[in-house]
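Numbering (the UniProt record's numbering), first residue to last: 1 to 379.
So this is what it looks like as structure tokens:
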């Protein structure tokens, strides 16, 4: 098949806050920069889409509110919209993020359009590690994975879990998450820092969607132990179901004057650059994108030895990892980094170098483009 210089790519993701939406959006933006035409097909504008680009298009999805439907059939509306966009804009492929429901919707769209429309599915984690444990969804998740023209996963651990849980033999490409190193780098924020923290205070940071799996209470208990040894301040970015409990625990520990809840932030590179340390004690992390963003900004991570996080954070070189729930060990690691300037500087430099060498967007985007061309028969 003759190589097409300009690909027409449809991208579907969850457009609100979350690592999968960030990766899908940033990948689309980078593909547009490379001259490809990118169509986002989602129920809302992706929050990281940002600036105007003549190669990027957005197509909204609205589910029918017909009275006989107890729940609006979003999945069917999405599949129909995918097919419409594919036909009108001559899409070469749909790149969908998450097996459920997006891979299933893409499969339906392909049946409506024809076999020339290819489907690439990226697995991000909870579609496998959480939904995959639901016996009512297992067969349909497996179907979506099996019927995709290519499947990628964001960590070796996720590839392994997918194979074990679904007994899948098909090829799954490992393509790690990435950062745009033009955005995530150590920024000069000393003036701003003086407005956030007192002289001599260290700044610890946590960013998440405050779901139970993020173990936000552990974040606060780690910080409470650190605070007993090091003058410090904790910045909490994000919102979610555990937010109220987190606020309550801060009050119970009487550390309100040292903790700030900052809500959701779309652009976090400046906030990360403020920090001396990122806390990520999650129960599950299929990759740990925020740890990579912190690493690129020169901020070490102290977190859990879980999922794909050890593929990002190298224990003893760019951060420290402990067993899930071991707040005592994580607090000790945090104090060690915060009280040893030479060690902190070495970890910071190691992290920046590792992010630039292995995880910059241009390197990873080339892997995705190679997969696109493979399923199109061009490589």
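Cβ atoms here follow ideal geometry from the backbone N, Cα and C, with glycine treated the same way.
Being a predicted model, the structure only gives us computed values, none of them experimental.
Original post:
Can the beta-carbon of residue 9 be found closer than 8 Å to that of residue 97?
Top reply: Position 9 of the chain shown, counted from the first residue, corresponds to residue 9. Position 97 of the chain shown, counted from the first residue, corresponds to residue 97. No, Cβ-Cβ distance for residue 9 and residue 97 is not below 8 Å.
Original post:
Less than 8 Å separating the beta-carbons of residue 204 and residue 178?
Top reply: As a working mapping, residue 204 is identified with position 204 in the chain shown. As a working mapping, residue 178 is identified with position 178 in the chain shown. It is not a contact, given that the beta carbons lie outside the stated cut-off.
Original post:
Is the stretch 75 to 87 in contact with the stretch 97 to 110, if contact means three or more CB pairs nearer than 8 Å?
Top reply: yes
**OP:** Please work out which residues of its chain come closer than 6 Å, Cβ to Cβ, to residue 147, disregarding the five sequence neighbours upstream and downstream, and give them in chain order.
**Re:** By one-based count along the chain shown, residue 147 stands at place 147. Hits under 6 Å: 107.
**OP:** Provide the residue span of the alpha helix (DSSP H) that contains residue 292, from first to last.
**Re:** Counting from 1 along the chain shown, the entry for residue 292 is found at position 292. Residues 289 to 296.
Original post:
Which whole-angstrom value describes the C-beta separation of residue 335 and residue 319, a residue pair presumed to lie in contact below a C-beta threshold of 8 Å?
Top reply: As a first step, residue 335 is located in the chain shown; it is residue number 335 there, counting from the start. As a first step, residue 319 is located in the chain shown; it is residue number 319 there, counting from the start. That pair is no contact at about 14 Å.
Subject >> 8 Å Cβ shell around residue 347 - same chain, five flanking residues per side excluded >> reply: Position 347 of the chain shown, counted from the first residue, corresponds to residue 347. 300, 317, 318, 319 and 337, listed in sequence order.
Original post:
Given that a residue counts as buried once 16 or more other Cβ atoms are within 10 Å of its Cβ, and exposed if not, what is residue 4?
Top reply: Position 4 of the chain shown, counting from 1, holds the residue named residue 4. Looking at its Cβ environment, which holds fewer than 16 other Cβ atoms inside 10 Å, residue 4 is exposed.
Original post:
Which partner residues does residue 119 have in the DSSP bridge list?
Top reply: Here residue 119 refers to the residue found at position 119 of the chain shown. In the DSSP output, where bridge partners are listed per residue, residue 119 has 94.
Original post:
Which of the three DSSP states, helix, strand or coil, is assigned to residue 387?
Top reply: Residue numbering for the chain in the displayed model covers 1 to 379; residue 387 lies beyond these limits and cannot be assessed.
Subject >> CB-CB length for residue 281 against residue 219, believed under 8 Å >> reply: What you label residue 281 is simply residue 281 of the chain shown in a count that begins at 1. What you label residue 219 is simply residue 219 of the chain shown in a count that begins at 1. With a Cβ gap of about 6 Å, residue 281 and residue 219 count as contacting.
Subject >> Cβ pair count under 8 Å reaching 3, the stretch 153 to 165 against the stretch 281 to 297 >> reply: yes
**OP:** Give the secondary structure of residue 389 by DSSP, where H, G and I count as helix, E and B as strand, and everything else as coil.
**Re:** Residue 389 lies beyond the residue range present for the chain, which begins at 1 and ends at 379; the question has no answer from this structure.
Original post:
Taking C-beta to C-beta, are residue 246 and residue 202 nearer than 8 Å?
Top reply: One-based indexing of the chain shown puts residue 246 at position 246. One-based indexing of the chain shown puts residue 202 at position 202. Cβ atoms of residue 246 and residue 202: not closer than 8 Å.
Original post:
Taking C-alpha atoms, which residue in 350, 184, 56 and 221 lies nearest to residue 331?
Top reply: If you number the chain shown from 1, residue 331 lands on position 331. Comparing Cα positions, the closest option is 221.
Original post:
What whole-angstrom Cβ distance do residue 87 and residue 376 have, given they're in contact under 8 Å?
Top reply: What you label residue 87 is simply residue 87 of the chain shown in a count that begins at 1. What you label residue 376 is simply residue 376 of the chain shown in a count that begins at 1. About 17 Å; that fails the 8 Å criterion.
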